[in-house]
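K.L.:
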Amino acid sequence: MNADVLRAAYGAFAAVVRPLGDEESWRPTGCTGWAVRDLVFHCTGDAQRALVALHTPEPGAPDRDAVTYWRDWAPDPVGAANGRRWSRVSAGMFLDFRQLRDLYLETAAATVRAAADTPAELRVRTQGHVLTAADLVTTLAVEATIHHLDLVTDLTDAPGPAPEGLAAVRATLDGLLGRPLPLDWSDEHYARAATGRAPLTDADRRALGADADRFPLFS
1 MNADVLRAAY GAFAAVVRPL GDEESWRPTG CTGWAVRDLV FHCTGDAQRA LVALHTPEPG
61 APDRDAVTYW RDWAPDPVGA ANGRRWSRVS AGMFLDFRQL RDLYLETAAA TVRAAADTPA
121 ELRVRTQGHV LTAADLVTTL AVEATIHHLD LVTDLTDAPG PAPEGLAAVR ATLDGLLGRP
181 LPLDWSDEHY ARAATGRAPL TDADRRALGA DADRFPLFS
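Numbering (my numbering), first residue to last: 1 to 219.
(1) P57 bridges to which residues according to DSSP?
(2) In terms of alpha-carbon separation, which member of A116, G160, A210, T201 lies closest to R237?
(3) So, are the CB atoms of D154 and R27 less than 9 angstroms apart?
(4) Name the residue from V89, A207, F13 whose alpha carbon lies nearest to the alpha carbon of A34.
(5) Smallest Cα separation from D65: which of A194, A74, E121?
(6) Once you ignore the five residues that flank T118 on each side, which residues in its own chain have a CB closer than 7 angstroms to its CB?
(7) Could you please give the first and the last residue of the uninterrupted beta strand (DSSP E) stretch that includes L131?
(8) With respect to the alpha helix (DSSP H) encompassing L95, which residues constitute its N-terminal and C-terminal limits?
(9) With distances taken between CB atoms, is the gap from D46 to E164 smaller than 9 angstroms?
(10) Residues in the same chain with beta-carbon distance under 8 angstroms from P59, minus the five sequence neighbours each way, listed in chain order, please.
(11) When the Cα atoms are used, what is the spatial distance from P216 to G11?
(12) Quick check on DSSP: helix, strand or coil for A9?
(13) Are D204 and A191 closer than 9 angstroms when you measure CB to CB?
(14) How many angstroms separate the CA atom of A168 from the CA atom of D102?
(15) Mind reading off the beta-carbon distance from A144 to C31? Whole number of angstroms is fine, and I expect it under 8 angstroms.
(16) Taking F97 as the reference, give the member of L20, T56, L173 with the closest Cα.
(17) So, L39 versus D157, is the Cβ gap smaller than 9 angstroms?
(18) Can you give the Cα-Cα distance for T111 and T138, rounded to whole angstroms?
(19) Taking DSSP as the reference, what is the three-state secondary structure of A35?
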């Protein structure tokens, strides 16, 4: 079930966040210009967005699914810069990271419960599109898993993402690519390379052929 994948992905992310204190919150992440606290703030907003969507039924027909949802998220340097400013200022308003940490943990837990209680076929609206609740929940697990890889970049002793979340990321990326990846990449490297976090080598480009020019598949 999609809710089980979200529970695993959010649970793994929470396991990294839960023991962190204020000092660790300033460590760098895999998101350019974002410290740990900035990324946690961003993920808190994502969980809040999910809560709103899961409690707001939409009468219209879906125009996106768990794969096509990501086609809107092409590299956008201006949007990324604005997002960095917003996250840094907003996350900095918490006088102690533990306040933000606890807000994330309780919001993520509420989102998991809401996902489990929502019929999979319910149509919901988010980011200007209509999806089924099941597809929305999959997109949440994918985003949390990719950001988990970002989160632990400088937290070398932290646990990695949930296998269920990584499997959802691979299925999503293969869906965007239109075929199974023709390279022997780990789930983690696939997630990083296909979202612009790791560069393609010349050998990668030869194996991908014309599809190499489509990378990153989303950002």
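Every residue gets a Cβ at the ideal spot worked out from N, C-alpha and C, and that includes glycine.
P.N.:
By the coordinates alone:
(1) V124
(2) In the structure as shown, the chain starts at 1 and stops at 219, and residue 237 therefore has no counterpart that could be examined.
(3) In contact: D154 and R27 (Cβ atoms closer than 9 angstroms).
(4) With the sequence shown as reference, residue 34 is identified as Trp, and Ala is not the correct amino acid for it. Taking only the C-alpha atoms, the option nearest W34 is V89.
(5) E121
(6) L54, A133
(7) 129-132
(8) Element bounds for L95: n/a, residue is neither H nor E.
(9) no
(10) Beyond the five residues adjoining it in sequence on each side, P59 comes within less than 8 angstroms, by CB distance, of R123 in the same chain, given in chain order.
(11) 27 angstroms
(12) helix
(13) no
(14) Roughly 26 angstroms between the two C-alpha positions.
(15) Between C31 and A144 the Cβ distance is about 13 angstroms, and since that is not below 8 angstroms, they are no contact.
(16) L20
(17) no
(18) 13 angstroms
(19) strand
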